[in-house]
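Here's the structure we're looking at; comments come further down.
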Amino acid sequence: MKVLAGSGSRVLGLKVARLLNAEMVDVQVRRFPDGEIYVRLLGEVEGEDVVLVQSMGKNPNELLVEFLLLADTLKDLKARKVIAVVPYFPYARQDARFKPGEAFSLKTVVKLVEDVGIDAMITVDMHLHRIESPSKIFNIPAFNLTAMPLLAEYALKTLNLEEPIVVGPDEEAEQWAKTAAESIGSGYLVLSKVRLDDYKVEISSPQLNRVKGRNVLIVDDIISTGGTMSKAVKQVSEAGAKRIVAACTHPLLVGDSVYNILKAGAECVIGSDTVQSHVSYVSVAPIIANKLKEILFS
Numbered sequence: 003m004k005v006l007a008g009s010g011s012r013v014l015g016l017k018v019a020r021l022l023n024a025e026m027v028d029v030q031v032r033r034f035p036d037g038e039i040y041v042r043l044l045g046e047v048e049g050e051d052v053v054l055v056q057s058m059g060k061n062p063n064e065l066l067v068e069f070l071l072l073a074d075t076l077k078d079l080k081a082r083k084v085i086a087v088v089p090y091f092p093y094a095r096q097d098a099r100f101k102p103g104e105a106f107s108l109k110t111v112v113k114l115v116e117d118v119g120i121d122a123m124i125t126v127d128m129h130l131h132r133i134e135s136p137s138k139i140f141n142i143p144a145f146n147l148t149a150m151p152l153l154a155e156y157a158l159k160t161l162n163l164e165e166p167i168v169v170g171p172d173e174e175a176e177q178w179a180k181t182a183a184e185s186i187g188s189g190y191l192v193l194s195k196v197r198l199d200d201y202k203v204e205i206s207s208p209q210l211n212r213v214k215g216r217n218v219l220i221v222d223d224i225i226s227t228g229g230t231m232s233k234a235v236k237q238v239s240e241a242g243a244k245r246i247v248a249a250c251t252h253p254l255l256v257g258d259s260v261y262n263i264l265k266a267g268a269e270c271v272i273g274s275d276t277v278q279s280h281v282s283y284v285s286v287a288p289i290i291a292n293k294l295k296e297i298l299f300s
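Residues in the sequence shown are numbered consecutively from 3, following my numbering.
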């Protein structure tokens, strides 16, 4: 088995390779003057099972094209099997056609991934709400892992967040709040959100009295602009929470998102390394490596 990582996940790919005791195949990636992407594998893959790690949380269009070129090259160079690990899978927000004439973007991207010959897909906390699981949209084996227990345990043990109540900042985050809470034996509640535009939201909940005097862990799959999280933090703070930690699987952290969340009342923001950032304190490499062992060796 060999592991190959695109430019979106070089460090994570190396961690996975070490946990699997697998050889890491380096990749050369550069841009032509007109912006086209050039990729080259710096190792042999013929007859090998290859794990292709490429998260697409930032610059998703470029990283997606890079991924497609790498995957197709692996197949062309006669890799025996290619298992894709895409911790942050792009375009998952558009998992339906909400208005007439819109692109069903997730469906299109899935087609592209399948067409280059991927044998199986692993994602982490894929942003799905109307689709039960990736297996419902992929025609290849697809597995969606979750980082929520890792994030919750980190907050509980490393940050000493004693007996926290877990909060989901909106209805869509209930699945993650429930998973995080169950992993540490905690209760949870979910706030209600009305989105005004891409940057502004309004959040409230009749259950906010439950956070008074409590330590609070607010969890979501993605922090992008931080609008939803900062509003949730502010509401929880004003309701009398004692300590507030904000956590997410995918720390995209656009603009002043972290500043706004801290200003709203959070003591810190923690994330995983599905998207490498300065708050990526928790690694998803162990859960990815365990799933790969299950797929390849069971």
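Heads up, the beta-carbon is just placed ideally off N, CA and C, and yes, glycines get one too.
Source: prediction; values computed, not measured.
Going by C-alpha to C-alpha distance, which of the options sits closest to residue i?
| i | options | result |
| --- | --- | --- |
| Lys244 | Ala182, Val84, Ser9 and Ile167 | Ile167 |
| Asp258 | Cys250, His252, Gly229 and Tyr283 | Gly229 |
| Val47 | Leu79, Gly273 and Tyr283 | Leu79 |
| Val238 | Lys83, Thr148 and Gln209 | Gln209 |
| Asp28 | Ile297, Glu184, Val5 and Arg82 | Val5 |
| Val247 | Gly103, Met3, Ala154 and Lys113 | Ala154 |
| Glu269 | Asn292, Ser232, Ala291 and Leu16 | Ser232 |
| Arg33 | Asn262, Leu21, Lys17 and Glu68 | Glu68 |
| Val84 | Thr181, Ala98 and Ala7 | Ala7 |
| Ala249 | Leu294, Ser300 and Leu152 | Leu152 |
| Val218 | Val271, Val260 and Val286 | Val271 |
| Lys180 | Gly103, Thr160, Lys77 and Ala149 | Ala149 |
| Asn292 | Phe145, Thr160 and Asn262 | Phe145 |
| Phe273 | Leu254, Phe299 and Ile289 | The amino acid occupying residue 273 in the given sequence is Gly; Phe does not appear at that position. Comparing Cα positions, the closest option is Leu254. |
| Trp178 | Thr160, Val18 and Leu147 | Leu147 |
| Asn262 | Ser226, Asp97, Gly15 and Leu66 | Ser226 |
| Leu65 | Val111, Ile297 and Phe100 | Val111 |
| Phe299 | Leu22, Thr160, Leu16 and Lys17 | Leu22 |
| Gln96 | Ile139, Ile297, Thr160 and Gln278 | Ile139 |
| Lys17 | Ile297, Lys295, Ile290 and Glu296 | Ile290 |
| Ala287 | Ala105, Thr160, Lys101 and Asp275 | Asp275 |
| Val281 | Ile297, Ala175 and Tyr156 | Tyr156 |
| Val126 | Lys295, Glu296 and Ser285 | Ser285 |
Residues in its own chain within less than 7 Å of residue i by CB, not counting five upstream and five downstream?
| i | result |
| --- | --- |
| Ala94 | Leu108, Met128, His129 and Leu130 |
| Leu71 | Ile39 and Val41 |
| Ala234 | Val169, Pro171, Leu193, Ile205 and Ile220 |
| Lys236 | Ala266 and Gly267 |
State buried or exposed for residue i, treating a residue as buried only when at least 16 other CB atoms are found within 10 Å of its CB.
| i | result |
| --- | --- |
| Val115 | buried |
| Leu44 | exposed |
| Val256 | exposed |
| Leu135 | Going by the sequence as given, residue 135 is Ser instead of Leu. Label assigned to Ser135: exposed. |
| Asp223 | buried |
| Arg20 | exposed |
| Thr251 | buried |
| Pro92 | buried |
| Tyr283 | buried |
| Arg216 | buried |
| Gly49 | exposed |
| Thr160 | exposed |
Going by DSSP, what residues sit across from residue i in a beta bridge?
| i | result |
| --- | --- |
| Asn217 | Arg245 |
| Phe140 | Paired residue(s): none; Phe140 is not in a bridge. |
| Gln30 | Arg42 |
| Gly170 | Val192 |
| Glu25 | Lys4 |
| Asn146 | Thr125 |
| Leu54 | Leu6 and Ala86 |
| Ser274 | Val284 |
| Pro208 | BP columns for Pro208 are empty, so no partner. |
| Ile224 | His252 |
Beta-carbon within less than 6 Å of residue i's beta-carbon, same chain only, minus the 5 sequence neighbours each way: which residues are those?
| i | result |
| --- | --- |
| Val118 | Leu70, Ala73 and Asp74 |
| Met3 | Ala24 and Asp51 |
| Leu158 | Ile186 |
| Val260 | Val271 |
| Pro62 | Pro92 |
Suppose the cutoff is 8 Å on Cβ atoms and the five residues either side in sequence are ignored; what does the same chain contact list for residue i look like?
| i | result |
| --- | --- |
| Val213 | Ile167, Val169, Leu191, Val238, Ala241, Gly242 and Ala243 |
| Leu264 | Cys270 and Val271 |
| Ile142 | Glu116, Ile120, Asp121, Ala122 and Met123 |
| Gly37 | none |
| Lys77 | Val84, Val118 and Gly119 |
Kindly confirm or deny that the stretch 154 to 171 and the stretch 183 to 192 touch, where touching means at least three C-beta pairs closer than 8 Å.
yes
For the 8 Å Cβ check, are there 3 or more pairs between the stretch 81 to 99 and the stretch 52 to 63?
yes
Quick test of the definition: if touching needs 3 or more C-beta pairs under 8 Å, does the stretch 56 to 67 touch the stretch 4 to 20?
yes
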